[in-house]
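Colleague:
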Amino acid sequence: MPRIDALVAQLGGELVGDDNVEVRRVASLEQAGEGDLAFLANPKFIEQLKASHASAFIVRPAQRDVVSDRPLILTPDPYLYFARASQFFNPPPPVLPGVHPRATVRCTVPHTVAIEAGAVVEEGAVIGDGVSIGANSYVGRGTRIGRGTRIYPNVTIYADCIVGENCIVHAGAVIGSDGFGFAREPSGAWVKIPQIGRVVIGNDVEIGSNTSIDRGALEDTVIADGVKLDNQIQIAHNVQLGEHTAIAGSTGIAGSAQIGARCMLGGQAGIVGHLSIADDVVISARTMITKSIREPGVYTGGLPQQTHAEWAKNFAHLRHLDALANKIRLLEQRLNEQEKTKEKP
Amino acid sequence: MPRIDALVAQLGGELVGDDNVEVRRVASLEQAGEGDLAFLANPKFIEQLKASHASAFIVRPAQRDVVSDRPLILTPDPYLYFARASQFFNPPPPVLPGVHPRATVRCTVPHTVAIEAGAVVEEGAVIGDGVSIGANSYVGRGTRIGRGTRIYPNVTIYADCIVGENCIVHAGAVIGSDGFGFAREPSGAWVKIPQIGRVVIGNDVEIGSNTSIDRGALEDTVIADGVKLDNQIQIAHNVQLGEHTAIAGSTGIAGSAQIGARCMLGGQAGIVGHLSIADDVVISARTMITKSIREPGVYTGGLPQQTHAEWAKNFAHLRHLDALANKIRLLEQRLNEQEKTKEKP
Amino acid sequence: MPRIDALVAQLGGELVGDDNVEVRRVASLEQAGEGDLAFLANPKFIEQLKASHASAFIVRPAQRDVVSDRPLILTPDPYLYFARASQFFNPPPPVLPGVHPRATVRCTVPHTVAIEAGAVVEEGAVIGDGVSIGANSYVGRGTRIGRGTRIYPNVTIYADCIVGENCIVHAGAVIGSDGFGFAREPSGAWVKIPQIGRVVIGNDVEIGSNTSIDRGALEDTVIADGVKLDNQIQIAHNVQLGEHTAIAGSTGIAGSAQIGARCMLGGQAGIVGHLSIADDVVISARTMITKSIREPGVYTGGLPQQTHAEWAKNFAHLRHLDALANKIRLLEQRLNEQEKTKEKP
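Residue numbers (the working numbering), protein chains in the order written: chain A, 1 to 345; chain B, 1001 to 1345; chain C, 2001 to 2345.
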C-alpha cells in the first residue's frame, strides 16, 4: 500500500499532517474507510468530510485546518487532483503484447502490440506501438492507429481512417461508416453518393460504446485532439469537432456541422447540419441547435416536465400562441382607443 | 398439435366449450385462422372477435357468452394469459450445451453451457448452468453470468460485472463500458477519472440491442430484478434502476440518477443526472426529467407536432413569452388604472 | 484517367466544350483541382464556379455559357448527375469470392459469395450470389440474404429474417432482435411475449451503423424497397416503412407505426406507436409525431435554442400558459364590461 508522501511526490500539492499514512484507493466522503483518500471539491460538504472515515483528504488551501487528525493534500483543484490520484491507484491494465493465434492480421505490426482473439486487421493497416485491439474488433484496410491507443472488443473501424495516439475506443463503436448522402431521382428513389472522405481522429480522444462516426462525403470528418465522446452518439459526415470538446450521451451532430474547441454538449442534444458553433460554447442537455452560435455562453432549449394533467392544460395553448398574441394586440388597441377617448373631453 | 385442455391444465383459467379443440399458436383476432388462439383484451373489439377465424379465444369472465361455437378460456387478464400461452407455444430454442472449437474460453465452465463460435470468455469469469453465449460475444475477466441467461451475438460485457439469472442480452449491447467521467485542467483538457465501479444486474432482466450500460465511477451501476430495457438506451455510470422498471427505446439516463421500482419510461425520454424518481412513476415518450419526482403519477413534457407553417407562426412567440407576459401585466395595470379613475367620480 | 466523353457516353447529359479533358474524380467547387469534376446545383454559387480550379463542371442547361474555357455537362439535375458520376469514379470495392477458413458457415453458399474471418452463418440460411458478409458478422438460422447485398463487420441478423437484394448493412446494425413486448402481472413483474414475427427488408435498402430493427411480435416488421436508414435508429416491432422513405440518424419509430412511401424524417425525430403517416410526408428534425398524418406536407415540432438566460426567462411561462390565457380572457371581459358601460350614457 503506497504512502501518501509517495503520492504527493508524484502528483504535487502540499501535504499537511502525517506523511506516513498509507492510502490505497480513492473513495467518496460517504463510502471512504481505512486506507481511502477522499476529496472535498465543494466547501458545503465540510460536515460530510468531518464525518468521513477516509484516511486522508484532498482539499483547497483554504481548508487547511478542516481536520487535524488526518493528513490533507492542499491543491487549488481537489477534483482534478482526485482524478490524477485515481489514475495513480488505478493504472490501466497493462497491454500484454502478442497477436492471438485466432486474430487475423494481414499487415506487419510492432512486437509491442496486443491483438486479441477474433480481431481482424486488414492489409495496409498501420498499427502503432503499444496499441491493443480487443476481441472481435475490426480495423479496415489502410487505417492507421496511433501508439498507445486501446480498442475494446467488437469495435469496427472502416478502411482508410486515422485514429491518433493514446485514444480509447469503447465496445460497439463504429468509425468510418458511410455518411448518409443520396441524390433523389424524380421517382423518389435514392442514388447513393459514394462516401470517399475519411474519419481523422486526433490524440487523446475517447469514444463511447455504440457511438457512430461517419466518414466524410468528399472531404474528411475530423475529431481534434482531446475530444471526449460519450455513448450512443451520432457524428455525421464532414462534421468537425474542435480540441477538448466533450459531448454527452445520445447526442446527434448532423452533417458538416463545425463545433469549436472546448465546447460541452449535454446529453441528447442535437446540432442541425452545416452550422458553426464557436469555441467555449455550452449546450444544455436535450437542446436542439438550429442556428450557428458565434458567442461563447450557455444555450438551452429543453422543455420542463410537468404532471401529465398540467402539461395537457398548458400545452394546448402552445399550438395557439399566435392567436394568444393576437388577442393581446387587440386588447392593447382597444385600451389605446379608450384612453384616447377619455383624454378628449 | 396440443389440445386446448392441455394448455388450460398448465396455465389455469376456466375453459368453456369444446375442450377437444386443437390450438397450435397465438394470433391477433384479424390474422387468426384454424388452429389459432386469439384474445380479447378490450371489449370494444367484440365484433372483431365474432368475425375472427380463430379456433378459440381468451376472454374475461364477463364475455363468457360472446360466442358459443368455439371454446373460450376465461381469465381476469386476457393479455397476460395470451403472453403465457404464447410462451407455451413458443418456448425459447433449447440451449445445446457445448463450447464451440472456435470459442476462446479462459475459465472453467459447466457442461450445460453453450458457447458459440468466436465468443471470448476471459479468465476468472464465472458462468452459470445453462447459460448461452452467442457468436462473437465477449465476457470480460472476473465477470459473473447467472444460470439460464442468454447472450445473443456480438454482445460485450466488460470485466468484473455481474449479470443475474435468466436474463436476456440482445445483440450489440455493451455492459460495463467506462462512465463518462473527467476532471478539467485549466487549459480545457480533460483528465480521465478511472471508472472502477461495476455494473450489477439482477435476475430476469432483458437488455435490448445496441443498448449501453456504463460501469460505476467509484460505486456500482445497479439494475434490479425484472428490469426491461429496450434498444438503443444509454444508462450512465452509477444509475440505479428499481425492480420491474421498463424503459422504452432510445431513452437516456444520466449519471447517478435513481429510478424507483415499477416505473415506465416512454421512448426517447431523458433523465438528468443525480435525480431521484419515486416508485410507480410513468414518464411519457420524449419527456425530459429535470427535477426529482417524489410522487407516483404520469409526467409529460413533449411537444406536439404541427404543420411547419403553423409551427413557425406559433413558435416564434415561444422565444418571447416573457415579453408577452409583460404585455399582459401592463394591460392589467392600465385597466386597473381606468377602473379606479372611473370609480372616482 | 477517363476522358469526360467516356463519362457522358455512360451517364448521359449534353457535353459542351473540349470532350478530350481527363477527369478522375468528383470534388466540391472549392476543393476541386486539375482532373476534378465539380457541380453547380444552385445558381447562387456561380461565382465559386468561376473561381474553381475544376477541370470540368456539371451544370443545368441554363448555365451553358457560364464558362467557356472548360467543358460542361448539361443535365436537368446536376446533383443527381454528380451522384452518378461519383459512383462511376468510385465503384464499390469488388467482392472477392471465398469463405475465409475462420468463417463458420453451416449452410451451402454460392461460389460467388465472400464470407470474412469470424463471420458465422447458421444452418438453413440462404445466401444470394455476390453477397459479402463482413468479419465477425452473424446471420441466423433460416435467414435469407438477397444477391449483391453487402454486410459490413460486426452486424447481427437474427434467425428467420429476410434481407433483399443489393442492400448495404453497416457495422453494428442489429436486425431481428426481439420487440419490446410484455404483459404485466399484478405484482408489476413483466411476462415476456415471444416475438415470433420476422423482419422483412426489401431491395436496395441501406441500414446505418448501430441501427436496430426489431422483429415483429406476431406478424412482421416490414422495410420496403429503397428505404434508407441512417445510424443509431430504432425501429420497433411491427413497424412498416414504405418505399424510398429516408430516415436520418438517432430517430425512433415506436411499435406498429406505419410510415408511407417517399417520406423523409429528420434526425432525432420520434414516431409514437400505432400511428399512420401518409406518403410523401416530411418530418423535421427532432419532431415527435403523436397523431397520424393523413396529408403530405412538412410537419415540425422542435424547440428553438436560446441563450440560457433568455430561455430561463421565457420557459418559466411555458409551465403557466393556461394561467396566462386565463388572464387574457379576464382582461377581455373587463374591457367588454367597460365598453358596455361607456356606451350606456
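Glycine included, each C-beta is placed from N, C-alpha and C at the ideal position. Since the model is a prediction, treat every value here as computed from it, not as a measurement.
Residues in the same chain with beta-carbon distance under 7 Å from B:Tyr1152, minus the five sequence neighbours each way, listed in chain order, please.
Modeller: Here the question's residue 1152 of chain B lines up with position 152 in the second sequence. So the list reads Gly1134, Val1169, His1170, Ala1171, once near-sequence residues are dropped.
Colleague: Listing by chain order, which chain B residues have their CB less than 8 Å from the CB of A:Thr307?
Modeller: Counting from 1 along the first sequence, the entry for residue 307 of chain A is found at position 307. Ordered by position in chain B, the residues that pass the 8 Å Cβ test against A:Thr307 are Gly1297, Val1298, Tyr1299, Thr1300.
Colleague: Could you tell me the boundaries of the alpha helix (DSSP H) in which A:Ser86 lies?
Modeller: For the purposes of this step, residue 86 of chain A is identified with residue 86 of the first sequence, where counting begins at 1. Per DSSP, A:Ser86 belongs to the alpha helix (DSSP H) from 78-89.
Colleague: Please state whether the Cβ-Cβ distance between A:Gly140 and A:Tyr158 is less than 8 Å.
Modeller: Taking the first residue of the first sequence as 1, we reach residue 140 of chain A at position 140. Taking the first residue of the first sequence as 1, we reach residue 158 of chain A at position 158. For A:Gly140 and A:Tyr158, yes; Cβs fall inside 8 Å.
Colleague: Which word fits C:Ser2187, buried or exposed, when buried means at least 16 other C-beta atoms lie within 10 angstroms of its C-beta?
Modeller: Locating residue 2187 of chain C in the third sequence gives position 187, where the first residue counts as 1. The residue is exposed, with fewer than 16 neighbouring Cβ atoms inside 10 Å.
Colleague: Restricting to Cα atoms, I'd like to know which of C:Glu2014, C:Gln2258, C:Arg2329 is closest to C:Ile2271.
Modeller: Residue numbering aside, residue 2271 of chain C sits at position 271 when the third sequence is read from its first letter. Nearest option by C-alpha distance: C:Gln2258.
Colleague: If you measure between the beta carbons of C:Ser2055 and C:Glu2030, is that distance less than 8 Å?
Modeller: To locate residue 2055 of chain C, count along the third sequence from 1; it is residue 55. To locate residue 2030 of chain C, count along the third sequence from 1; it is residue 30. Contact flag unset, no.
Colleague: Do you know how far the Cα of C:Ala2085 is from the Cα of C:Ala2009?
Modeller: Taking the first residue of the third sequence as position 1, residue 2009 of chain C is located at position 9. Taking the first residue of the third sequence as position 1, residue 2085 of chain C is located at position 85. Cα-Cα distance, rounded: 12 Å.
Colleague: State buried or exposed for C:Gly2255, treating a residue as buried only when at least 16 other CB atoms are found within 10 Å of its CB.
Modeller: Looking up residue 2255 of chain C in the third sequence gives position 255. Buried, by the Cβ-count rule.
Colleague: Report the residue from C:Val2131, C:Asp2018, C:Arg2025, C:Gln2333 whose alpha carbon sits nearest the alpha carbon of C:Pro2002.
Modeller: Walking along the third sequence from the start, residue 2002 of chain C turns up at place 2. It is C:Arg2025.
Colleague: Could you tell me which chain C residues have their CB closer than 8 Å to the CB of B:Glu1332, listed as they occur along the chain?
Modeller: The residue labelled residue 1332 of chain B in the question sits at position 332 within the second sequence. By Cβ distance, chain C contributes Lys2327, Leu2331.
Colleague: With DSSP run on the structure shown, which of helix, strand or coil describes B:Glu1337?
Modeller: Locating residue 1337 of chain B in the second sequence gives position 337, where the first residue counts as 1. Here B:Glu1337 sits in helix by DSSP.
Colleague: Of all the CB atoms in chain B, is at least one closer than 8 Å to the CB of A:Lys313?
Modeller: The residue given as residue 313 of chain A occupies position 313 in the first sequence. It does not: the Cβ of A:Lys313 has no partner Cβ on chain B nearer than 8 Å.
Colleague: Are three or more beta carbon pairs between the segment 2123-2132 of chain C and the segment 1092-1105 of chain B nearer than 8 Å?
Modeller: Touching, no, given that fewer than three Cβ pairs across the two stretches are closer than 8 Å.
Colleague: Which residue from A:His274, A:Phe182, A:Asp204 puts its Cα closest to that of A:Thr221?
Modeller: Numbered from 1 along the first sequence, position 221 holds the residue referred to as residue 221 of chain A. If we check each option's Cα against that of A:Thr221, A:His274 comes out closest.
Colleague: What's the C-alpha gap between B:Gln1234 and B:Ala1246?
Modeller: Locating residue 1234 of chain B in the second sequence gives position 234, counting from the first residue. Locating residue 1246 of chain B in the second sequence gives position 246, counting from the first residue. Their Cα atoms are separated by approximately 14 Å.
Colleague: Please confirm if B:Gly1260 has its CB atom under 8 Å from at least one CB of chain C.
Modeller: One-based indexing of the second sequence puts residue 1260 of chain B at position 260. Chain C, which has no Cβ nearer than 8 Å to the Cβ of B:Gly1260, makes this no.
Colleague: If I measure Cβ to Cβ from B:Val1109 and keep anything under 6 Å in the same chain, skipping five residues before and after, which residues do I get?
Modeller: Counting from one through the second sequence, the residue named residue 1109 of chain B turns up at place 109. For B:Val1109, where only same-chain residues beyond five positions count, the Cβ hits under 6 Å are Ile1127.
Colleague: I'd like to know whether the C-beta atoms of C:Pro2071 and C:Arg2060 end up nearer to each other than 8 Å.
Modeller: Locating residue 2071 of chain C in the third sequence gives position 71, where the first residue counts as 1. Locating residue 2060 of chain C in the third sequence gives position 60, where the first residue counts as 1. No, these two residues do not count as a Cβ contact at 8 Å.
Colleague: Could you check whether A:Val205 and A:Val227 sit closer than 8 Å to each other, using their CB atoms as the reference points?
Modeller: Numbered from 1 along the first sequence, position 227 holds the residue referred to as residue 227 of chain A. Numbered from 1 along the first sequence, position 205 holds the residue referred to as residue 205 of chain A. Cβ distance < 8 Å, so A:Val227 and A:Val205 count as in contact.
Colleague: Under the DSSP definition of a beta bridge, which residues are partnered with B:Glu1014?
Modeller: By 1-based counting over the second sequence, the position of residue 1014 of chain B is 14. Answer is B:Leu1074, bridged to B:Glu1014.
Colleague: C:Asn2203 and C:Asp2225 look like a contact to me (Cβ under 8 Å); what is the Cβ gap, rounded to whole Å?
Modeller: Within the third sequence, numbered from 1, the residue matching residue 2203 of chain C stands at position 203. Within the third sequence, numbered from 1, the residue matching residue 2225 of chain C stands at position 225. 5 Å between Cβ atoms; contact.
Colleague: Taking the C-alpha atoms as reference points, what is the distance between B:Asp1036 and C:Arg2144?
Modeller: Stepping through the second sequence from its first residue, residue 1036 of chain B is reached at position 36. Stepping through the third sequence from its first residue, residue 2144 of chain C is reached at position 144. Rounded to the nearest angstrom, the two C-alpha atoms are 27 Å apart.
Colleague: How is A:Ala27 classed by DSSP in three states: helix, strand or coil?
Modeller: As a working mapping, residue 27 of chain A is identified with position 27 in the first sequence. In this structure, A:Ala27 counts as coil in the three-state DSSP scheme.
Colleague: Any Cβ of chain A within less than 8 Å of the Cβ of C:Phe2153?
Modeller: Taking the third sequence and counting its residues from 1, one reaches residue 2153 of chain C at position 153. Before going further, note that residue 2153 of chain C is Pro rather than Phe in the sequence given. It does; some Cβ of chain A falls within 8 Å.
Colleague: Hey, would you say B:Asn1314 sits closer than 8 Å to A:Leu318, going by beta carbons?
Modeller: By 1-based counting over the second sequence, the position of residue 1314 of chain B is 314. By 1-based counting over the first sequence, the position of residue 318 of chain A is 318. Their beta carbons are under 8 Å apart, which means B:Asn1314 touches A:Leu318 by this criterion.
Colleague: With a threshold of 16 other CB atoms inside 10 Å of the CB of A:Asn238, please say whether the residue is buried or exposed.
Modeller: Residue numbering aside, residue 238 of chain A sits at position 238 when the first sequence is read from its first letter. Its Cβ being crowded by 16 or more others within 10 Å, A:Asn238 is buried.
Colleague: Closer than 8 Å by beta-carbon distance: list the chain A residues that pair up with B:Glu1185, in chain order.
Modeller: The residue you call residue 1185 of chain B lines up with position 185 of the second sequence. Ordered by position in chain A, the residues that pass the 8 Å Cβ test against B:Glu1185 are Leu80.
Colleague: Run through the segment 2141-2180 of chain C for me and flag every whole beta strand (DSSP E) of 3 or more residues, listed as ranges in chain order.
Modeller: DSSP runs (the beta strand (DSSP E)) wholly in the segment 2141-2180 of chain C: 2174-2177.
Colleague: Is any beta-carbon of chain C found at less than 8 Å from that of B:Val1199?
Modeller: Mapped onto the second sequence, residue 1199 of chain B falls at position 199. So no, B:Val1199 is outside the interface.
Colleague: Going along the chain, which residues of its own chain have a beta-carbon closer than 7 Å to the beta-carbon of C:Trp2311, five neighbours each way excluded?
Modeller: Along the third sequence, read from residue 1 onward, the residue named residue 2311 of chain C stands at position 311. The answer is none, since no qualifying residue turns up.
Colleague: Taking 8 Å as the CB-CB cut-off, is A:Leu335 touching chain C?
Modeller: Translated into positions along the first sequence, residue 335 of chain A becomes position 335. Yes, A:Leu335 counts as interfacial toward chain C.
Colleague: Could you compute how far the alpha carbon of B:Ser1052 sits from the alpha carbon of B:Ala1083?
Modeller: Translated into the one-based positions of the second sequence, residue 1052 of chain B becomes position 52. Translated into the one-based positions of the second sequence, residue 1083 of chain B becomes position 83. About 19 Å.
Colleague: To the nearest angstrom, how far is the alpha carbon of A:Val23 from that of A:Ala62?
Modeller: Indexing the first sequence from 1 puts residue 23 of chain A at position 23. Indexing the first sequence from 1 puts residue 62 of chain A at position 62. Using only the alpha carbons, I get a separation of about 23 Å.
Colleague: Does any CB atom of chain B fall closer than 8 Å to the CB of C:Thr2290?
Modeller: Taking the third sequence and counting its residues from 1, the one referred to as residue 2290 of chain C is at position 290. True, the Cβ-Cβ gap to chain B drops below 8 Å.
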